[in-house]
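Asker: Numbering (our numbering), first residue to last: 36 to 509. If you scroll down you'll find the structure; I have some questions about it.
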Amino acid sequence: MPVRLHNTYSRQLEDFTPLDPVGQRVKMYTCGPTVYNHAHIGNFRAYVFEDLLQRHLEARGYAVERVMNLTDVDDKTIRGARTAGRRLADFTQVYKDAFFTDLETLRIKPAQHFPAATEPRYIERMIAMIAQLIAADIAYQAEDRSVYFRLSKFPDYGKLAHLNLDELRPSGRVASDEYEKENIGDFALWKAWDDADGDVRWDSPWGPGRPGWHIECSAMATAILGPEIDIHCGGVDNIFPHHEAEIAQSECCTGKKFVRYWLHNAHLMVEGQKMSKSLGNFYTLRDLLGKGFTGREIRYALLTVNYRLPLNFTIAGLEAARAALARIDEWVRRISDFGSQMSDTNAASDLPGEFATRHESFFQALDDDLNIAGAMGQLFDLIRESNSALDHGDLTSAHAAKLLAHWESINAVLALEPGILAVPAEIAALVEKRQQARADKDWKASDQLRDEVAALGWTVKDTKDGPKLSPTAR
Ligand SMILES: [Zn+2]
């Protein structure tokens, strides 16, 4: 069964075939963050969904070349830098660095390319594309010295969002700051410099200024991936006008169909409400880590809701993620302990068919437009059924070893393995003291030390192999 994806352009599920079906190479462009602030959990929903898409395509044998851009010049970054009294590049660098740390925390595979809009080669390309559009009479410089895309020259505008272009035409009143344009829908390709831009400016044939946000993505996408891209992703709020504008600019410059498959994830809400600073439910990743949740738990909560459904992000959901991960961990520990014995004579025996089927069904669910909820259902059925088989002595250690291999291929897509937790030196020292107290049969001191360790957030369990430490579940 081929991978099927819902294409926003056609509003249909389509069989996925890349431009290069022989080489199985997939060119994927994903709109990245605007680095004026820490990315919030709604942004990360998109990046986690895109990570799942990449990992599943790789599991199906595709080689994915992915670009994620960084928007490091636009209205918000300029305003932020001015407010902070810093140079734009210094201001955005802080948030670029933070973004890369956050990606790592959430186990999102780094893209091969992270182009930033202000890199000279991309600014040059934006200027070249705009010049080409002006030469073709598709763009024009208005009275305000900015350059706009002439929408009337691109009849397909609105097709991705399924909007009627006529609805975008002015009906009577036109906002006062739009009066220079020929058509209210015309969007800026080049924004003429003004005082508010400070020292943020590049020279161009149309005078000093800076690129519009939309042309940034068209320039970076086509510069790196070429005129035709297999998959372009983003959140639903990117569809209009951003992705419409990307199509218009790119196709008018290259004469080729820009993107074959458009994928958009639905909104994220927090505790049933639209996330907003005024409601106090606006979470960055750091806010959630500060509440004691791990990147892995947050990844689980973002990952396991099908991308085209709205995701209601809740603290209860994070707690459920913690419980689900504990179940996975316990199962993985069990099959790896049992599998590592390998003492059976029937080591070559096949895994019972129902378990192999569950494993294949996990991937088949993902083939179906990344039905992760269905895939997780298969995984938890596999866990339940194989645990029960182990309880009844129905599995050999060779079976367990094969189950472990299945888990590893599933986890290559999920990236939900336990993190290796470094035990702080202070805790290790207390545990060592406690071991000494136990050796001395000083039970009172031993209990006291255990309580001290507990107060620092760690649980110590005595096993036949010595004390085992784990962070206390909160
Ligand atoms: Zn973009």
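For every residue, glycine included, the Cβ atom is placed at its ideal position computed from N, Cα and C.
1. Mind checking which residues open and close the alpha helix (DSSP H) that includes Y82?
2. Assess, as a yes-or-no matter, whether the stretch 337-347 is touched by the stretch 293-304 under the definition of 3 or more beta carbon pairs within less than 8 Å.
3. By alpha-carbon positions, which one of I350, E263, K62, E251 ends up nearest to A152?
4. Between the C-alpha atoms of K226 and E306, what's the straight-line distance to the nearest angstrom?
5. To the nearest angstrom, how far is it from the Cα of A356 to the Cα of Y335?
6. How would you label W478, buried or exposed, when you count the other beta carbons within 10 angstroms and need 16 or more for buried?
7. So, is M164 buried or exposed, given that buried needs 16 or more other C-beta atoms within 10 angstroms?
8. Thinking C-beta only, is L438 closer than 8 Å to F390?
9. For ligand 1, is there any heavy atom lying closer than 7 Å to the beta carbon of N104?
10. Under the rule that 16 or more other beta-carbon atoms within 10 Å means buried, what is D109, buried or exposed?
11. Looking at the unbroken beta strand (DSSP E) that takes in H98, where does it start and where does it end?
12. Mind the definition here: the stretch 81-92 touches the stretch 134-143 only if three or more C-beta pairs lie below 8 Å; say whether that holds.
13. Do V235 and I264 count as a contact pair if the criterion is CB distance below 8 Å?
14. Quick one, which of G261, A447, F189, V340 has its alpha-carbon nearest D404's?
15. Does at least one heavy atom of ligand 1 sit under 7 Å from the Cβ of E85?
16. Which same chain residues, not among the five before or five after Y97, have their C-beta less than 6 Å away from its C-beta?
17. May I ask you to check if the CB of C252 is nearer than 7 Å to at least one heavy atom of ligand 1?
18. Under the rule that 16 or more other beta-carbon atoms within 10 Å means buried, what is M36, buried or exposed?
19. Check the DSSP bridge columns for E22 and list the partner residues they point to.
20. Strictly by DSSP, which residues pair up with C268?
21. Counting only runs of 3+ residues fully inside the stretch 213-248, write out the beta strand (DSSP E) ranges in chain order.
22. My parser needs the alpha helix (DSSP H) runs of 4 or more residues fully inside the stretch 115-192; what are they?
23. Give me the Cα-Cα distance between G28 and E154, rounded to the nearest whole angstrom.
24. Counting only the same chain and skipping the five closest in sequence on each side, list residues whose C-beta sits under 7 Å from that of R180.
25. Hey, how far is the Cα of I266 from the Cα of T349?
26. What is the residue span of the alpha helix (DSSP H) that S6 lies within?
27. To the nearest angstrom, how far is it from the Cα of V367 to the Cα of W493?
28. Grab the span of the beta strand (DSSP E) containing V448 for me, first residue to last.
29. How is R469 classed by DSSP in three states: helix, strand or coil?
30. In whole angstroms, give me the CA-to-CA distance for G374 and T431.
31. What span of residues does the alpha helix (DSSP H) with L360 cover, start to end?
32. Which residues in the same chain as A283 place their Cβ atom closer than 7 Å to its Cβ, once the five residues preceding and following it in sequence are excluded?
33. Please work out which residues of its chain come closer than 8 Å, Cβ to Cβ, to D272, disregarding the five sequence neighbours upstream and downstream, and give them in chain order.
34. Quick check on the DSSP output: what are the complete alpha helix (DSSP H) runs of length 4 or more inside the stretch 297-342, in order along the chain?
35. Return yes when the C-beta of H277 is under 7 Å from any heavy atom of ligand 1, and no when it is not.
Answerer: Taking the coordinates as given:
1. Numbered from its first residue, the sequence shown carries residue 82 at position 47. DSSP places Y82 inside the alpha helix (DSSP H), whose first and last residues are 76-94.
2. Yes: at least three Cβ pairs fall under 8 Å.
3. Walking along the sequence shown from the start, residue 152 turns up at place 117. Nearest C-alpha to A152: E251.
4. Against the sequence shown, residue 226 aligns to sequence position 191. Against the sequence shown, residue 306 aligns to sequence position 271. Roughly 39 Å between the two C-alpha positions.
5. As a first step, residue 356 is located in the sequence shown; it is residue number 321 there, counting from the start. As a first step, residue 335 is located in the sequence shown; it is residue number 300 there, counting from the start. If I take the Cα positions, the gap works out to 6 Å.
6. Position 443 of the sequence shown, counted from the start, is the residue given in the question as residue 478. Counting the other CB atoms within 10 Å of its CB gives W478 a total below 16, which places it among the exposed residues.
7. As a position in the sequence shown, residue 164 is number 129, starting the count at 1. Flag for M164 reads buried.
8. Position 355 of the sequence shown, counted from the start, is the residue given in the question as residue 390. Position 403 of the sequence shown, counted from the start, is the residue given in the question as residue 438. Judged by beta-carbon spacing, L438 lies within the 8 Å limit of F390, meaning their Cβ atoms are closer than that value.
9. The residue labelled residue 104 in the question sits at position 69 within the sequence shown. Residue side-chain check: N104 places its Cβ nearer than 7 Å to a non-hydrogen atom of ligand 1.
10. As a first step, residue 109 must be located in the sequence shown, where it is residue number 74. When all chains shown are included, D109 counts as buried.
11. The sequence position of residue 98 within the sequence shown is 63, counting from 1. It should be pointed out that residue 98 corresponds to Ala in this sequence rather than to His. DSSP places A98 in the uninterrupted beta strand (DSSP E) bounded by 98-103.
12. With a cut-off of 8 Å, the stretch 134-143 and the stretch 81-92 count as touching, because enough Cβ pairs lie within range.
13. Within the sequence shown, numbered from 1, the residue matching residue 264 stands at position 229. Within the sequence shown, numbered from 1, the residue matching residue 235 stands at position 200. Contact flag unset, no.
14. Locating residue 404 in the sequence shown gives position 369, counting from the first residue. The shortest Cα separation from D404 among G261, A447, F189, V340 belongs to V340.
15. If you number the sequence shown from 1, residue 85 lands on position 50. E85: no, Cβ never under 7 Å from ligand 1.
16. Position 62 of the sequence shown, counted from the first residue, corresponds to residue 97. Taken in chain order, the residues that qualify are Q59, V61.
17. In the sequence shown, the residue the question calls residue 252 occupies position 217. Yes, since a heavy atom of ligand 1 falls inside the 7 Å radius drawn around the Cβ of C252.
18. As a working note, residue 36 is residue 1 in the sequence shown. Burial check for M36: the Cβ neighbour count within 10 Å stays below 16, so the residue is exposed.
19. As shown, the chain starts at 36 and ends at 509. That puts residue 22 outside it, with no answer to give.
20. Within the sequence shown, numbered from 1, the residue matching residue 268 stands at position 233. As DSSP reads the structure, C268 sits in a beta bridge with T65, L298.
21. You should have 223-227, 244-246.
22. Here the runs fully enclosed are 123-140, 155-170.
23. Shown here, the chain extends from 36 to 509; a query on residue 28 therefore has no answer.
24. By 1-based counting over the sequence shown, the position of residue 180 is 145. Only residues of its own chain outside the window of five on either side were considered, and among them A227, W241, G242 have a CB closer than 7 Å to the CB of R180, listed in chain order.
25. Position 231 of the sequence shown, counted from the start, is the residue given in the question as residue 266. Position 314 of the sequence shown, counted from the start, is the residue given in the question as residue 349. A straight line joining the alpha-carbon of I266 with that of T349 spans about 30 Å.
26. Limits of the chain in this structure are 36 at one end and 509 at the other, which puts residue 6 out of reach.
27. Locating residue 367 in the sequence shown gives position 332, where the first residue counts as 1. Locating residue 493 in the sequence shown gives position 458, where the first residue counts as 1. Cα to Cα, V367 sits roughly 22 Å from W493.
28. As a position in the sequence shown, residue 448 is number 413, starting the count at 1. From DSSP, V448 is part of no beta strand (DSSP E) but of the alpha helix (DSSP H) over 432-449.
29. By 1-based counting over the sequence shown, the position of residue 469 is 434. Shown here, R469 sits in a helix according to DSSP, grouped into three states.
30. Position 339 of the sequence shown, counted from the start, is the residue given in the question as residue 374. Position 396 of the sequence shown, counted from the start, is the residue given in the question as residue 431. Counting only the Cα atoms, T431 lies some 8 Å from G374.
31. The residue you call residue 360 lines up with position 325 of the sequence shown. Per DSSP, the unbroken alpha helix (DSSP H) holding L360 starts and ends at 350-374.
32. The residue you call residue 283 lines up with position 248 of the sequence shown. The residues are F184, F189, Y192.
33. Taking the first residue of the sequence shown as position 1, residue 272 is located at position 237. Cβ within range, chain order: H302.
34. Along the stretch 297-342, the alpha helix (DSSP H) occurs as fully enclosed runs of 4 or more residues at 320-325, 330-338, listed in sequence order.
35. Translated into positions along the sequence shown, residue 277 becomes position 242. H277 Cβ: within cutoff of ligand 1.
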